[in-house]
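Q: Using full-length UniProt numbering, the letters of the sequence shown map in sequence onto residues 1 to 116.
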Amino acid sequence: MEMWIYRRMQRISWKEKVTNKKVLESVGLQRPELLLTIQRRKMKYYGHLRRHDSIQKRILEGKIDGRRGRGRRRQTWLGNIQETSQMKMCEVCETALDRRRWRSVTAHLADGMAPS
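1. Would you give the residue range spanned by the alpha helix (DSSP H) that residue 48 belongs to?
2. For residue 85, count the other beta carbons within 10 Å of its own beta carbon; 16 or more makes it buried, fewer makes it exposed. Which is it?
3. Report the residue from 47, 95, 88 and 7 whose alpha carbon sits nearest the alpha carbon of residue 28.
4. Would you say residue 79 lies against chain D (beta-carbon separation less than 8 Å)?
5. For residue 89, which residues of its own chain have a beta-carbon under 8 Å away from its beta-carbon, when the five flanking residues on both sides are left out?
6. Mapping the DSSP letters down to three states, classify residue 7 as helix, strand or coil.
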């Protein structure tokens, strides 16, 4: 809806082939990167899960018995959290329990380095 409004403000017809990026640049706005937004929300949710005792936490940390199928291993949610935070899993678990430290970790995701 908002892109429609920006296009109307600029008097850009829907028939014209103008990308959303160009429209946002002409208005002077910048769209947040989708991947960064997803990573931040995922990290915040993991911190929330880690601090509370819930069924979701048990499911997330649970181990499944059985044989692994053929092919490449699937990416795990915890593995993705570890990769995003650039810390070892034990550090991630400890840091997530401390809300202040976890907030600083999620705040510095765009910088590419997690604070200690």
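For each residue, glycine too, the CB sits at the ideal point set by N, CA and C.
A: According to the structure shown:
1. Unbroken alpha helix (DSSP H) run through residue 48: 34-51.
2. By the 10 Å Cβ count, residue 85 comes out buried.
3. Of 47, 95, 88 and 7, the residue nearest in Cα terms is 7.
4. No chain D appears in this structure, which consists of one protein chain only.
5. Result list for residue 89: 78 and 82, in chain order.
6. In this structure, DSSP gives residue 7 a helical state, which the three-state scheme calls helix.
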